[in-house]
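*Asks:* Using the UniProt record's numbering, the first residue of the sequence shown is number 1, and each one after it goes up by one.
Glycine included, C-beta positions come from ideal geometry on N, C-alpha and C.
One structure, pasted below without further comment.
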Amino acid sequence: MADPIRQASAAKGEAAALPLPRALVLVGLMGAGKSCIGRRLSDALGLPFVDADTEIETAAGCTVQEIFERHGEAAFRDGERKVIERLLDGQPQILATGGGAFMDPRTRESIRRHATSLWLRADLDLLVKRTSRRNHRPLLNKGNPRQILGALIDTRYPVYGEADIVIDSVDGPVEKTVQRAVDAIAAFLSDHPSGQAVAQSESKTHHTARKAGE
């Protein structure tokens, strides 16, 4: 029988050997698991984990919700872009972004130029299940969470699809999603050692890791 501890150790060793030349930016909706998966990838790849929203709040001296309420979304997106650009100018890292960051064209272009992007794609039922566990999602307090998330899927998923790498975030052991991410990153870097895709259509077509059995 295979030793699960040895398997996990070997997988971590393989992941740590990945020559990630640029930041890895995680995109996706709330509940997709960006923070959870990001921290696990940080450990597996031996890179620091950074949460963009936390960095924004530190820079602004107030919460994301307060920035929206006091200054509006346009001002928040402008500040968000500047913080992300600053972070991408540093060492390779795992960067989790807010759900709306990749929707901003200028932020998306900065990520394309200076990082490798990975979309954690989750279906509606899973997003509803995960977000219902917490009540700190102001956007979901404005109406029916399922309807709100469904509308966000309709508008955002086509844009998220421009990410360099796409993997499915599914219910179950986090380690399986992390391993799918590591495998997809390795495949992407095999074709693009610089960490940058030559063309958007090339990356999103050839570096999509799906659920087992699909």
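Reducing DSSP to helix, strand and coil, say where serine 117 ends up.
*Replies:* Start at 1 with the first residue of the sequence shown, and residue 117 comes out as number 117. Correct three-state label for serine 117: strand.
*Asks:* At the level of alpha carbons, what is the spacing between glutamine 65 and aspartate 53?
*Replies:* Position 65 of the sequence shown, counted from the start, is the residue given in the question as residue 65. Position 53 of the sequence shown, counted from the start, is the residue given in the question as residue 53. For glutamine 65 and aspartate 53, the distance between alpha carbons rounds to 10 Å.
*Asks:* By Cβ distance below 7 Å, which residues in the same chain neighbour alanine 163 in space, the five residues on each side in sequence not counted?
*Replies:* As a first step, residue 163 must be located in the sequence shown, where it is residue number 163. Excluding residues within five positions, the ones whose Cβ falls inside 7 Å are Val27, Ser117, Leu118, Trp119, Lys204.
*Asks:* If you follow the alpha helix (DSSP H) that phenylalanine 49 is in, where does it begin and where does it stop?
*Replies:* The residue you call residue 49 lines up with position 49 of the sequence shown. Counting along the chain, phenylalanine 49 falls outside any alpha helix (DSSP H), though it belongs to the beta strand (DSSP E) covering 49–51.
*Asks:* Report the CB separation of alanine 186 from leucine 24 in whole angstroms; it is logged as a contact under 8 Å.
*Replies:* Taking the sequence shown and counting its residues from 1, one reaches residue 186 at position 186. Taking the sequence shown and counting its residues from 1, one reaches residue 24 at position 24. Wrong, their Cβ atoms sit about 12 Å apart, outside the cutoff.
*Asks:* Out of Asp89, Gly143, Ile56, Arg146, state which residue places its alpha-carbon closest to the alpha-carbon of alanine 75.
*Replies:* In the sequence shown, the residue the question calls residue 75 occupies position 75. For alanine 75, the nearest C-alpha among the options comes from Ile56.
*Asks:* Does the distance from the CB of isoleucine 84 to the CB of valine 174 come in under 9 Å?
*Replies:* Your numbering for residue 84 matches position 84 in the sequence shown. Your numbering for residue 174 matches position 174 in the sequence shown. Taking 9 Å as the Cβ cut-off, isoleucine 84 and valine 174 do not qualify as a contacting pair.
*Asks:* If we ignore side chains and look at the alpha-carbon of each, how far apart do proline 158 and glutamine 147 end up?
*Replies:* The residue labelled residue 158 in the question sits at position 158 within the sequence shown. The residue labelled residue 147 in the question sits at position 147 within the sequence shown. The straight-line gap from Cα to Cα measures roughly 18 Å.
*Asks:* Using 10 angstroms around the beta-carbon of arginine 210, count the other beta-carbons present and answer buried if the total reaches 16, otherwise exposed.
*Replies:* To locate residue 210, count along the sequence shown from 1; it is residue 210. Its pLDDT being 46, under 50, arginine 210 is placed unreliably by the model, and nothing is read from it.
*Asks:* Would the beta-carbon of leucine 139 fall within 9 Å of that of glycine 31?
*Replies:* On the sequence shown, position 139 is the one that residue 139 refers to. On the sequence shown, position 31 is the one that residue 31 refers to. Not closer than 9 Å, so no.
*Asks:* With H, G and I counted as helix, E and B as strand and the rest as coil, what does DSSP make of aspartate 191?
*Replies:* In the sequence shown, the residue the question calls residue 191 occupies position 191. Correct three-state label for aspartate 191: helix.
*Asks:* Could you tell me which of Thr63, Pro193, Val50 sits nearest to glycine 90, measuring between CA atoms?
*Replies:* Counted from its first residue, the sequence shown places residue 90 at position 90. Minimum Cα distance to glycine 90 is reached at Val50.
*Asks:* Drop a sphere of 10 angstroms on the beta-carbon of alanine 8, count the other beta-carbons inside from all chains shown, and report buried for 16 or more, exposed for fewer.
*Replies:* Working through the sequence shown from its first residue, we reach residue 8 at position 8. At alanine 8, the pLDDT of 44 sits below 50, so the modelled position is not reliable; the number obtained from the coordinates is stated separately. Alanine 8 comes out exposed.
*Asks:* With DSSP run on the structure shown, which of helix, strand or coil describes valine 64?
*Replies:* Numbered from its first residue, the sequence shown carries residue 64 at position 64. Helix at valine 64.
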